[in-house]
Each structure stands twice: as structure tokens, then as C-alpha cells.
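Worksheet: one structure, shown below.
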Amino acid sequence: MMTRRITQLLFGLAMYGISLAMFIRAGLGLDPWDVFHQGVAGKIGWSIGTVVVVVSFLVLLLWIPLRQMPGFGTLANAVLVGVFADIGLAMIPAFSHLGGQIAMLAGAVILNGIASACYIGARLGPGARDGLMTGLARRTGWSVRLSRTLIEVVVLGVGWLLGGSVGVGTVVYALAIGPVVQLLLPRFTVPEKASQSAPEEVPAAA
Numbered sequence: 002m003m004t005r006r007i008t009q010l011l012f013g014l015a016m017y018g019i020s021l022a023m024f025i026r027a028g029l030g031l032d033p034w035d036v037f038h039q040g041v042a043g044k045i046g047w048s049i050g051t052v053v054v055v056v057s058f059l060v061l062l063l064w065i066p067l068r069q070m071p072g073f074g075t076l077a078n079a080v081l082v083g084v085f086a087d088i089g090l091a092m093i094p095a096f097s098h099l100g101g102q103i104a105m106l107a108g109a110v111i112l113n114g115i116a117s118a119c120y121i122g123a124r125l126g127p128g129a130r131d132g133l134m135t136g137l138a139r140r141t142g143w144s145v146r147l148s149r150t151l152i153e154v155v156v157l158g159v160g161w162l163l164g165g166s167v168g169v170g171t172v173v174y175a176l177a178i179g180p181v182v183q184l185l186l187p188r189f190t191v192p193e194k195a196s197q198s199a200p201e202e203v204p205a206a207a
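Going by my numbering, the sequence shown runs without a break in its numbering and finishes at 207.
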């Protein structure tokens with residue numbers, strides 16, 4: 002069972018990084034955290050994958066006052082998503098025509114949903130950003146939805162001011178990723194017991 006969980010986790014994180022590269026190559030806008038990552042990368046000259054890794058570990062420092070404990074999946078997430086984002090960007094060409102951009106965006110949303118369901122379903126620890134959201138909700142008494150919204154509005158605004166890409170893809174991601182992950186999560190959740198049901202709460206992506 003543990004072999005399956007680790008394999009599913011690593012496969013999911015690799016797909017998540019590739020889906021990030023697909024969003025960038027689609028050129029129609031990114032999800033809030035990646036708007037921030039792209040904006041920072043553009044300002045300091047690092048690859049976006051490097052920024053994703055560094056920001057992940059900086060966010061983990063915010064877990065300390067929230068009394069969150071990372072798991073193996075948390076640390077793997079912090080490293081592998083950024084690594085595979087850069088690999089994807091090296092392999093996937095940019096599209097200059099709208100039809101290709103739309104197809105790339107749709108593929109990115111679907112792949113991101115599968116990837117999210119894989120790594121969440123492996124139950125080996127949340128991503129740094131997911132843990133920040135749930136930890137803030139637990140410590141403040143706010144709902145997870147409110148915590149997620151506040152965090153993502155802040156990072157989206159800062160990322161946009163830094164030059165990150167905001168567009169129709171940002172809206173599509175916000176509307177589509179929750180339902181896609183909710184649909185797929187029961188299929189990828191590895192239960193502790195045969196009778197255990199899939200988790201109801203869908204965390205934010207990576």
C-alpha cells in the first residue's frame with residue numbers, strides 16, 4: 002500500500018509541474034499562486050521552477066507559528082513541482098494561435114486536476130500552500146474557503162503588480178479546478194481502511 006501511495010504521489014507531483022508549464026505555454030493566464038511565481042521570476046531572473054521551490058520553503062516557514070507539521074509529501078511537493086515545471090517548459094512549445102492556446106489551457110486544467118487528485122489522494126502530507134490555508138483556518142477559526150480566498154487574492158494581486166499573467170485562464174482555473182478534483186479524488190484516494198471514504202474538502206492546488 003505504501004508503495005502505491007509514494008508512486009502515486011511522485012507521479013502526481015510530476016504531472017502537476019508539467020501542467021504548470023502547459024498553463025504558461027497557453028499564454029492565457031495562470032492560477033493565483035503561479036501568477037505570483039511568474040511575477041517574481043520575471044523580476045529577479047530566476048526560472049519559474051526555481052521560484053516555485055524557493056517560495057514553497059518560505060511558505061513552510063509560515064507553518065511554524067501555525068503549528069503545522071510537514072509530511073513526506075509536503076517536502077516532495079516543495080521540490081518536485083518546480084523541477085518538473087522547468088522540465089515541461091523546456092519540452093513544450095508556446096502557441097501563437099488561439100486554437101492551440103485554448104487546447105493547451107484545457108489540457109492543463111485536466112492534467113492539473115488529475116495531478117491534484119493523485120497527490121492529495123496519496124495522503125502523505127499537503128503541499129506548502131495547502132497547509133498554509135488549512136493551518137490559518139484552524140488557528141483563526143475562519144472557514145477553509147475564506148482562508149483560501151484571502152491568501153489567493155493577496156498573492157494574485159502581488160503577482161499581477163509584479164507582471165504575472167492574469168487572464169481568462171485564471172478565471173477558467175478558478176471555476177474548473179475544484180469540480181475536476183472533486184470528481185477525480187475518490188478514484189485516487191488511498192484509504193487507510195476499506196471502509197474509509199474519500200475526503201470531502203478539496204485543498205487548493207500545490
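Glycine included, every Cβ here is placed at the ideal spot set by N, Cα and C.
Here the structure is a predicted model, which is why all the values come from computation and not from measurement.
Straight-line gap, residue i to residue j (C-alpha atoms, nearest Å)
i	j	result
V56	R188	30 Å
S198	D35	The pLDDT assigned to S198 is 45, lower than 50, so where the model puts this residue is not dependable; a value taken from the coordinates is nonetheless given after this. Roughly 31 Å separates the two Cα atoms.
G50	V84	6 Å
F96	I103	9 Å
D131	G168	23 Å
I93	A22	7 Å
L90	S48	10 Å
I183	I111	Going by the sequence as given, residue 183 is Gln instead of Ile. So the alpha carbons of these two residues sit roughly 12 Å apart.
G164	G43	7 Å
G160	V154	10 Å
M2	L185	19 Å
V41	T4	36 Å
I45	P192	43 Å
Residues near residue i by beta carbon distance below 7 Å, same chain, minus five either side
i	result
L67	G136, L137 and R140
G170	F24, A27, L29, G30, L31 and L106
Q69	G132 and G136
V53	H38, V82, G83 and A86
L63	L133
Beta-carbon gap between residue i and residue j smaller than 8 Å
i	j	result
Q9	S166	no
V181	L106	no
I178	G114	yes
Y120	G74	yes
G72	G126	yes
A77	L11	yes
Beta-carbon contacts of residue i that lie in its chain and below 6 Å, excluding the five residues immediately before and after
i	result
A129	S57, V60, L61 and A79
A15	F85
I7	none
L157	P33 and V36
Element boundaries [alpha helix (DSSP H), containing residue i]
i	result
A104	L99 to G122
Q69	That residue, Q69, is in no alpha helix (DSSP H); it is neither H nor E in DSSP.
S148	V145 to L162
I25	M3 to A27
I180	Reading off the sequence, residue 180 comes out as Pro, not Ile. Element bounds for P180: V169 to F189.
G136	A129 to T141
A42	P33 to I45
Exposure label - residue i; buried when at least 16 CB within 10 Å
i	result
S148	buried
R26	buried
I19	buried
L176	exposed
L99	exposed
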